[in-house]
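Trainee:
So this is what it looks like as structure tokens:
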């Protein structure tokens, strides 16, 4: 009887220890989870002949709608290229999270350093019809997404890295 009781006690202790180890492993994985949200800038003013136009009123409205869409997400950082249209798109979400915009240049960005510096964080990146899919492809390590049609401002790319697993999806978020 004593042996049976001792064996049961050892089994219980081992099972509890195993459950705690699994719980710790899951906690570590969640802490190392990185989520990137990529969007293209909102509608820009095409009537002016400049490489750096402001957003149209519709684009400003979309930028506010993006902030509303993202309100339940606590961003650790918001990145934007150094153009009026991307900064104007990113600013409402950055303000909502009490963050300053981080300016990046897609042609000079060290993507490995970017990934290392944002590991375990939740990040919004605002770019352009050509640079956003390229950035996503670089992060996921495959050539999965093509340039966004110039008339589309509603694409949302979500990339999640959890340990060795990377997932990506693209959603079409139409704002009313």
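Residue numbers (mature numbering (1 follows the signal peptide of the UniProt record, and there is no 0)): -19 to -1, 1 to 157. All C-beta atoms in this analysis are idealised placements derived from N, C-alpha and C, irrespective of residue type, glycine included. Values in this document were obtained by computation on a predicted structure and should not be read as measured data.
1. Do residue 61 and residue 107 have their beta-carbon atoms positioned less than 8 angstroms apart in this structure?
2. Tell me the DSSP secondary structure of residue 137 in three-state form.
3. By a C-beta neighbour count over all protein chains shown, 10 Å radius and 16 as the cutoff for buried, is residue 40 buried or exposed?
4. Taking DSSP as the reference, what is the three-state secondary structure of residue 21?
5. Mind reading off the beta-carbon distance from residue 127 to residue 114? Whole number of angstroms is fine, and I expect it under 8 angstroms.
6. By the three-class DSSP mapping on this structure, what secondary structure does residue 45 have?
7. List the endpoints of the continuous beta strand (DSSP E) containing residue 122.
8. Check this for me: beta carbons of residue 74 and residue 59, under 8 angstroms apart or not?
9. Just to confirm before moving on: does the CB-CB distance between residue 159 and residue 25 stay below 8 angstroms?
Mentor: The relevant details are as follows:
1. yes
2. strand
3. buried
4. strand
5. 6 angstroms
6. helix
7. From DSSP, residue 122 is part of no beta strand (DSSP E); its letter is neither H nor E.
8. yes
9. As shown, the chain starts at -19 and ends at 157. That puts residue 159 outside it, with no answer to give.
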